[in-house]
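Student:
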DNA sequence: TGCAAAATCATCCGAAAGGGTGACGACATC
DNA sequence: GATGTCGTCACCCTTTCGGATGATTTTGCA
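Chains as they are written, first to last, in the working numbering: chain B, 780 to 939; chain V, 780 to 939.
1. Work out the CA separation of residue 895 of chain B and residue 938 of chain V for me, nearest whole Å.
2. Give the list of continuous alpha helix (DSSP H) stretches no shorter than 4 residues that lie fully inside the stretch 877-914 of chain V.
3. Using DSSP with H/G/I as helix, E/B as strand and the rest coil, what is residue 938 of chain B?
4. Closest Cβ-Cβ distance between residue 901 of chain V and chain B: below 8 Å?
5. Quick one, which residues of the stretch 880-914 of chain V are near chain B if we go by CB-CB under 9 Å, in chain order?
6. Report buried or exposed for residue 873 of chain V, applying the criterion of at least 16 other Cβ atoms within 10 angstroms of its Cβ.
7. So is residue 924 of chain V in contact with chain B if we call contact Cβ pairs under 8 Å?
8. Are there 16 or more other CB atoms within 10 angstroms of the CB of residue 936 of chain V, so buried, or fewer, so exposed?
9. Anything in chain V within Cβ reach of residue 873 of chain B, meaning under 9 Å, just list it in chain order.
10. Quick one: grab the DSSP three-state call for residue 924 of chain B.
11. Under 8 Å by Cβ, that's how I've got residue 909 of chain B and residue 929 of chain V pegged, so tell me the actual separation to the nearest angstrom.
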């Protein structure tokens, strides 16, 4: 958290300096102040949004309400019909295999056909992190490839 | 989500206009551009953070733990559902997509988690051939990766 | 508050996968 | 016989994955 504020300040300062520098060099155009302000506004708004997402990303688990609901699910349903059913991963098996929630989360995205980079973008983490989670999940599932991990995950009731 | 972008634009425009107006009226001192930029930056950073919080806040709702009880359902989903044990691929869809039998055969092996080399060994063909079939299948399925192709194949009823 | 688990990120390297292109033979159809 | 489809294979190049390892930060809990 402290690091966020720090990089916020540093990046902000650098951005302002850069913008000022460029402005002093290219002030020949008209309305440069407006453009300058708009540029700063857009950049910092984007940065702020990113920061807001980043900060609050993990707070969701705090005030969650756990509701236990029982659902009757047909034992065997084809893939097309299964898409609508609420899927509940087999947490018992997940526990015994030692698969963490984050690993399972990434595994579901892998099963949906996303690349590591796409998953990293969606989850606001680096590609390396995704790869680490993947590797651990593969190891715990005894899989050598992502397709194999997906297959195993479906067999074990971990994935929809 | 669209509403957020809308109010973002409106408020942003108002802010810029206000800042320009006030600047033209009161800020005759030196370094007005720097102050102006810093002000805009801070305001928009705060606004961005607020927006980020607002966007993600409503996700902190209820997390329900669903307990699934498997139940044998008679014949709710008729034709495609019952032919599950010996899986019958959706040949109609296969035809319309122009997927050949060989491509589907290789696709099923891909879905089972085999590598191209393993598939080549099993089918007594070269790895290049497997890759060619894969590429054509991916193209016809609109997939960029093998996991995506598997996902699409299952959605379309081509794979078990 | 301190510790263990989990999550995050990085780097290196080799393997796997994917895109593009070209080619050749078998076979069916017209 | 010309045409088209399918299966087969090869080459080159780029991207993506995976394995191994080490490190730091965050979190949850006792």
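From the three backbone atoms N, C-alpha and C, an ideal C-beta is built for every residue, glycine too.
Computed from a predicted model, the values in this text were never measured in an experiment.
Tutor: This is what the structure gives:
1. Position 159 of the second chain, counted from the start, is the residue given in the question as residue 938 of chain V. Position 116 of the first chain, counted from the start, is the residue given in the question as residue 895 of chain B. If I take the Cα positions, the gap works out to 24 Å.
2. 880-890 and 895-902
3. To locate residue 938 of chain B, count along the first chain from 1; it is residue 159. Residue 938 of chain B falls in the coil class under three-state DSSP.
4. For the purposes of this step, residue 901 of chain V is taken as the residue at position 122 of the second chain. Taking Cβ atoms only, chain B never reaches closer than 8 Å to residue 901 of chain V, which makes this a no.
5. 889, 890, 891, 892, 893 and 894
6. Position 94 of the second chain holds residue 873 of chain V. Per the 10 Å Cβ criterion, buried.
7. Here residue 924 of chain V refers to the residue found at position 145 when the second chain is read from its first residue. Closer than 8 Å: yes.
8. As a first step, residue 936 of chain V must be located in the second chain, where it is residue number 157. Classification for residue 936 of chain V: buried.
9. Here residue 873 of chain B refers to the residue found at position 94 of the first chain. The contacting residues do not exist; residue 873 of chain B stays about 13 Å from chain V at best.
10. Within the first chain, the letter at position 145 stands for residue 924 of chain B. Correct three-state label for residue 924 of chain B: coil.
11. Here residue 909 of chain B refers to the residue found at position 130 when the first chain is read from its first residue. Here residue 929 of chain V refers to the residue found at position 150 when the second chain is read from its first residue. Residue 909 of chain B to residue 929 of chain V, Cβ: 19 Å. No contact.
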